[in-house]
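In the numbering used here, the protein residues as written are 421 to 679.
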């Protein structure tokens with residue numbers, strides 16, 4: 421069951437907690453009649469304060485990321501709603517069973533980049549051996565990279581990629597939509613590449629949607645004015661340059677830990 425109405429209106433039952441998550445993150449199910457779907461629930465009250473993001477806004481950013489992804493036709497973010505739950509209002513997202521045999525990001529010995537992968541950065545491991553961080557070269561991952569550039573994702577770790585059923589989606593989009601450039605990602609393999617015609621078309625459609633209409637109205641309830649203006653500017657910059665973004669020089673460009 422992935423119907424958004426059911427996700428919004430079904431009875432939310434918490435069954436466990438992801439203890440490794442930095443914010444309060446629970447697993448559970450949404451039950452409506454005889455149907456149930458597994459989900460992730462992140463209540464606002466479980467969000468830890470951050471120095472650079474306003475308190476209590478991460479759940480709204482996760483929902484805004486879903487709306488933008490859907491409006492552009494990228495479908496990067498699993499079905500997501502903002503609703504009340506056992507621990508108060510929060511983000512509820514459909515659970516995705518990940519294919520653990522299809523890693524999208526890896527660390528390998530230096531100079532051993534296999535075909536079909538991009539090398540991102542060289543480093544050393546805990547034993548001081550040279551290694552390389554790399555990611556796959558696939559259309560799905562490129563779509564995630566473009567989506568991240570639009571929403572200004574400050575935390576695209578390898579563990580936030582969800583390979584499942586032959587496609588790749590992403591999760592954990594609370595650190596998005598900041599008005600300052602904060603793109604931190606492991607997906608830099610397409611840096612500087614010319615945008616494809618289909619990518620430009622989707623960006624042009626999204627540009628219109630974020631400035632007027634239902635998406636514009638929805639984002640007005642989720643993001644600050646400056647954040648919405650910055651979203652429009654980022655889309656404009658991508659369309660003007662006609663290229664995928666390059667790493668900046670004001671912030672670290674790869675999240676820690678990268679995986």
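No residue lacks a Cβ here, since even glycine has one placed at the ideal position from N, Cα and C.
Pair within 7 Å by beta-carbon distance, residue i and residue j
i           : j           : result
residue 568 : residue 576 : yes
residue 603 : residue 591 : no
residue 497 : residue 489 : yes
residue 643 : residue 426 : no
residue 545 : residue 551 : yes
residue 628 : residue 487 : no
residue 659 : residue 626 : no
residue 424 : residue 474 : no
residue 468 : residue 570 : no
residue 636 : residue 645 : no
residue 554 : residue 537 : yes
Rounded separation between residue i and residue j - CA only
i           : j           : result
residue 511 : residue 491 : 19 Å
residue 676 : residue 651 : 24 Å
residue 657 : residue 461 : 34 Å
residue 477 : residue 641 : 11 Å
residue 429 : residue 528 : 45 Å
residue 673 : residue 648 : 22 Å
residue 621 : residue 566 : 13 Å
residue 421 : residue 519 : The predicted model places residue 421 with a pLDDT of 40, which falls under 50 and marks its position as unreliable, so this point remains unresolved.
residue 504 : residue 437 : 17 Å
residue 663 : residue 455 : 44 Å
residue 463 : residue 482 : 12 Å
residue 667 : residue 466 : 32 Å
residue 573 : residue 547 : 31 Å
residue 557 : residue 678 : 17 Å
residue 507 : residue 494 : 31 Å
residue 517 : residue 580 : 13 Å
residue 439 : residue 433 : 18 Å
residue 446 : residue 435 : 8 Å
residue 616 : residue 600 : 26 Å
residue 509 : residue 457 : 19 Å
residue 671 : residue 578 : 19 Å
residue 619 : residue 633 : 21 Å
residue 665 : residue 513 : 28 Å
Residues that residue i bridges to, as DSSP identifies them
i           : result
residue 662 : Paired residue(s): none; residue 662 is not in a bridge.
residue 542 : 552
residue 654 : Looking at the DSSP assignment, residue 654 forms no beta bridge with any residue, so it has no partner.
residue 463 : 510
residue 437 : 446
residue 451 : 431 and 456
residue 537 : 556
Check: residue i C-beta below 6 Å from any heavy atom of the ligand SAM
i           : result
residue 428 : Among the components of this structure there are no ligands whatsoever, and the ligand SAM is therefore not found.
Tell me, please, whether the stretch 540-557 touches the stretch 602-615 by the rule of three or more beta-carbon pairs shorter than 8 Å. yes
Validate contact between the stretch 581-594 and the stretch 530-537 using beta carbons, cut 8 Å, 3 pairs: no
Contiguous beta strand (DSSP E) assignments of at least 3 residues, all confined to the stretch 503-529: 510-514 and 525-529
What alpha helix (DSSP H) runs, 4 residues minimum, are completely inside the stretch 569-645? 617-631 and 634-640
Examine the Cβ distances between the stretch 442-455 and the stretch 516-525 and report whether three or more of them are shorter than 8 Å. no
With three or more beta-carbon pairs closer than 8 Å as the criterion, would you say the stretch 478-486 touches the stretch 593-606? yes
Taking only runs that begin and end inside the stretch 469-504, name each unbroken alpha helix (DSSP H) of 4 or more residues, in chain order. 478-491
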